[in-house]
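Here the sequence shown is numbered in the working numbering, starting from -8 and rising by one per residue. Report on the following structure.
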Amino acid sequence: MTSDSELDVNLFDVETQQCPYDAYKKLRDDAPVYKQPGTDIYIVTRYEDVRTVLTDPIRFPSAPDPDSKLKMKSANQDRQLKVQQRFQENGWIPEPTLASRDDPNHKQMRAMFNEAFKPSRIKEIDPLVENLAYDLIDEFIEDGRCEWVKQFAVPLPLFIIGEQMGAKRDDMWKIKRWTDAFFQRISMMLPEELEMEMVDREIEAQHYFQPIFERLRANPDASLISVLVNRVIEGWGRPLNDNELHAEMMADTFVGGSETTTNALAAGMKLLIENKDVWLKLKNDPHQYMKTFVEEVVRLESPVQSLMRFAGKDAVVGETEIPEGALINVRYAAANRDERMFECPEQIDLDRKKAGAHMGFGSGIHHCLGAPLARRELTWGFTAIVDRFEDMWFAEGKNDFEYHPHFLLRSLKELHIEFQPKAP
-8 MTSDSELDVN LFDVETQQCP YDAYKKLRDD APVYKQPGTD IYIVTRYEDV
42 RTVLTDPIRF PSAPDPDSKL KMKSANQDRQ LKVQQRFQEN GWIPEPTLAS
92 RDDPNHKQMR AMFNEAFKPS RIKEIDPLVE NLAYDLIDEF IEDGRCEWVK
142 QFAVPLPLFI IGEQMGAKRD DMWKIKRWTD AFFQRISMML PEELEMEMVD
192 REIEAQHYFQ PIFERLRANP DASLISVLVN RVIEGWGRPL NDNELHAEMM
242 ADTFVGGSET TTNALAAGMK LLIENKDVWL KLKNDPHQYM KTFVEEVVRL
292 ESPVQSLMRF AGKDAVVGET EIPEGALINV RYAAANRDER MFECPEQIDL
342 DRKKAGAHMG FGSGIHHCLG APLARRELTW GFTAIVDRFE DMWFAEGKND
392 FEYHPHFLLR SLKELHIEFQ PKAP
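Next up, the structure:
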């Protein structure tokens, strides 16, 4: 097996991030647990190894043990102190989110989210998603062209989660600017000055939502956000406080509940244009193939490319020893193209068996709680395409197909398309 130093794979490289799949294959084949040179990060890329890490939260917790014998050296420690100070001076310091908590704390908190996102609530939202998908396309259908990301992929999930979180429709693009700030801040790619600018934007969002929290505490209603604000968490004896709410608004509701679906909607359109055989098959029988197509988009392009875990104790993953306290980068996107798990993994297969076995929504106790809503939004989004478009193609000379620099997520900047509307 090739040593890490010989491989020379850098997942922090912007060019590599534009299309990381060759790098992932090299890692799966030659260094399935790869210590990124110049860092203390171990990158896990094979499907079975990823599943091992995700389904063993005792050995691989989501938060570091403060008493760990290995004290991780952080080059960004001073910067993080500055970030916390800025939040404290001008807003609220975000507490750890649901994704970065371990049991029993995680289980207790997740029970509240399960109530907020229970199936009956998703069922109530479903007609809103359907109507919005068609309304958005109808706004530009007569133009024969659009910038797909801004005019459809962003507003569909953003408007849905925004309304559920008590935001006004007129404020949605302002909120998008704030969620973009959080998206960039967690990219692990920003210089310090720009990161502090993103913090200031997040603080703007905090001051927008704080009056909503206070209003709902005084007058609860049936909205999702009212559940988050008011439900007493069993074992805590209290609901979420302001610092916890502000963390959840950015991480688990707006970015988790809109940004990732936006990126899947953009990826799906790009894949349909690039794979006309798939488009024709889907268009001819959406009832049979839509569910699998949605799963294949999430598997192939993995809007969440990776997230982090820690080694709770000295551990062995595959054949690699990982020291206690080390940071582990769990590469869902690499696992989702693992030839050991998926036949012809780089192709869309609308007849793929067990298409939902991918890691696009994670696995284990941290499996994405918003997955049912995301699947409904993707299903209605692509169904509206099938119903409204006869065909579509990339607008000539307008696309560079660039992705935002990001270590954790995959986000297409823009996608200019032209289309032939389906005859009434």
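A virtual CB, placed ideally from N, CA and C, is assigned to each residue, including glycine. Keep in mind that this is a model prediction, so the values were computed, not measured.
Return the CA-CA distance between residue i and residue j, expressed in angstroms with no decimal places.
{"i": "Phe416", "j": "Leu185", "result": "Any property of residue 416 remains undetermined from this structure, which presents the chain solely from -8 to 415."}
{"i": "Lys404", "j": "Glu106", "result": "34 Å"}
{"i": "Ile339", "j": "Glu287", "result": "6 Å"}
{"i": "Arg176", "j": "Asp56", "result": "24 Å"}
{"i": "Phe410", "j": "Val41", "result": "39 Å"}
{"i": "Gln8", "j": "Ala258", "result": "15 Å"}
{"i": "Met436", "j": "Val377", "result": "With the chain covering -8 to 415 only, the question about residue 436 has no answer from this structure."}
{"i": "Ala348", "j": "Thr30", "result": "31 Å"}
{"i": "Tyr280", "j": "Arg77", "result": "49 Å"}
{"i": "Met63", "j": "Ala365", "result": "Because Met63 carries a pLDDT of 48, less than 50, the predicted location of this residue cannot be relied on, and the following value inherits that uncertainty. Distance between the alpha carbons of Met63 and Ala365: 35 Å."}
{"i": "Val0", "j": "Ala54", "result": "26 Å"}
{"i": "Asp4", "j": "Gln197", "result": "32 Å"}
{"i": "His407", "j": "Asp134", "result": "13 Å"}
{"i": "Pro465", "j": "Glu183", "result": "With the chain represented from -8 up to 415, any question about residue 465 goes unanswered, as that position is not in the structure."}
{"i": "Leu271", "j": "Pro412", "result": "15 Å"}
{"i": "Phe51", "j": "Lys26", "result": "16 Å"}
{"i": "Phe426", "j": "Phe143", "result": "Residue 426 lies beyond the range of the chain shown here (-8 to 415); nothing can be said about it."}
{"i": "Leu2", "j": "Leu298", "result": "13 Å"}
{"i": "Trp384", "j": "Lys267", "result": "10 Å"}
{"i": "Leu127", "j": "Met240", "result": "25 Å"}
{"i": "Ala102", "j": "Ile224", "result": "8 Å"}
{"i": "His97", "j": "Asp161", "result": "34 Å"}
{"i": "Pro87", "j": "Tyr394", "result": "28 Å"}
{"i": "Asp329", "j": "Pro11", "result": "13 Å"}
{"i": "Phe352", "j": "Phe245", "result": "16 Å"}
{"i": "Ser402", "j": "Pro110", "result": "28 Å"}
{"i": "Asp368", "j": "Val190", "result": "Correcting the residue type first, residue 368 is Glu in the shown sequence and not Asp. Answer to the nearest angstrom: the Cα atoms are 29 Å apart."}
{"i": "Asn234", "j": "Phe204", "result": "11 Å"}
{"i": "Glu(-3)", "j": "Val24", "result": "14 Å"}
{"i": "His358", "j": "Asp243", "result": "12 Å"}
{"i": "Gly355", "j": "Asn327", "result": "16 Å"}
{"i": "Glu265", "j": "Phe200", "result": "41 Å"}
{"i": "Ile194", "j": "Phe333", "result": "43 Å"}
{"i": "Leu291", "j": "Met350", "result": "10 Å"}
{"i": "Tyr125", "j": "Ile32", "result": "44 Å"}
{"i": "Thr311", "j": "Asp276", "result": "46 Å"}
In the DSSP assignment, what residue or residues form a beta bridge with residue i?
{"i": "Trp139", "result": "In DSSP, Trp139 forms no bridge with anything."}
{"i": "Met383", "result": "Phe410"}
{"i": "Leu364", "result": "Note: Leu364 sits in no beta bridge, so no partner."}
{"i": "Leu(-2)", "result": "Bridge partners of Leu(-2): none, in fact."}
{"i": "Leu400", "result": "Val295"}
{"i": "Tyr394", "result": "Leu403"}
Cβ of residue i within 7 Å of any heavy atom in the ligand GTP?
{"i": "Gly29", "result": "For the structure depicted, the ligand GTP is absent and the ligand set is empty, with no information on it obtainable."}
From which residue to which residue does the alpha helix (DSSP H) around residue i run?
{"i": "Val41", "result": "38 to 45"}
{"i": "Arg77", "result": "68 to 81"}
{"i": "Ala125", "result": "The question names Ala, yet the displayed sequence has Tyr at residue 125. From DSSP, the alpha helix (DSSP H) with Tyr125 extends over 110 to 131."}
{"i": "Gly259", "result": "251 to 265"}
{"i": "Tyr12", "result": "12 to 21"}
{"i": "Asp171", "result": "163 to 176"}
{"i": "Pro48", "result": "No alpha helix (DSSP H) holds Pro48; DSSP gives it neither H nor E."}
{"i": "Thr88", "result": "That residue, Thr88, is in no alpha helix (DSSP H); it is neither H nor E in DSSP."}
{"i": "Met332", "result": "That residue, Met332, is in no alpha helix (DSSP H); it is neither H nor E in DSSP."}
{"i": "Val5", "result": "5 to 9"}
{"i": "Ile356", "result": "That residue, Ile356, is in no alpha helix (DSSP H); it is neither H nor E in DSSP."}
{"i": "Met103", "result": "96 to 107"}
{"i": "Leu149", "result": "146 to 155"}
Along the chain, where does the beta strand (DSSP E) containing residue i start, and where does it finish?
{"i": "Lys26", "result": "24 to 26"}
{"i": "Val35", "result": "32 to 35"}
Return the Cβ separation of residue i and residue j in integer angstroms, given the expectation that the two are a contact with Cβ distance under 8 Å.
{"i": "Val289", "j": "Leu341", "result": "Actually they are not in contact, since the Cβ atoms of Val289 and Leu341 sit about 14 Å apart, beyond 8 Å."}
{"i": "Thr36", "j": "Arg322", "result": "5 Å"}
{"i": "Leu400", "j": "Phe174", "result": "7 Å"}
{"i": "Leu119", "j": "Ile151", "result": "6 Å"}
{"i": "His397", "j": "Ser178", "result": "4 Å"}
{"i": "Pro148", "j": "Thr253", "result": "6 Å"}
{"i": "Gly303", "j": "Gln99", "result": "With 8 Å as the limit, Gly303 and Gln99 do not qualify as a contact, their Cβ atoms being about 20 Å apart."}
{"i": "Ile216", "j": "Gly157", "result": "5 Å"}
{"i": "Ala48", "j": "Asp93", "result": "For the record, residue 48 in the displayed sequence is Pro; it is not Ala. Going by Cβ atoms, the distance from Pro48 to Asp93 rounds to 6 Å, so yes, they are a contact pair."}
{"i": "Arg192", "j": "Trp169", "result": "6 Å"}
{"i": "Pro294", "j": "Asp305", "result": "Contact flag wrong, Cβ pair sits at about 33 Å."}
What are the complete alpha helix (DSSP H) segments, minimum 4 residues, inside the segment 286 to 329?
323 to 326
Suppose only complete runs of 3+ residues qualify. What are the beta strand (DSSP E) ranges in the segment 189 to 242, listed by chain order?
none
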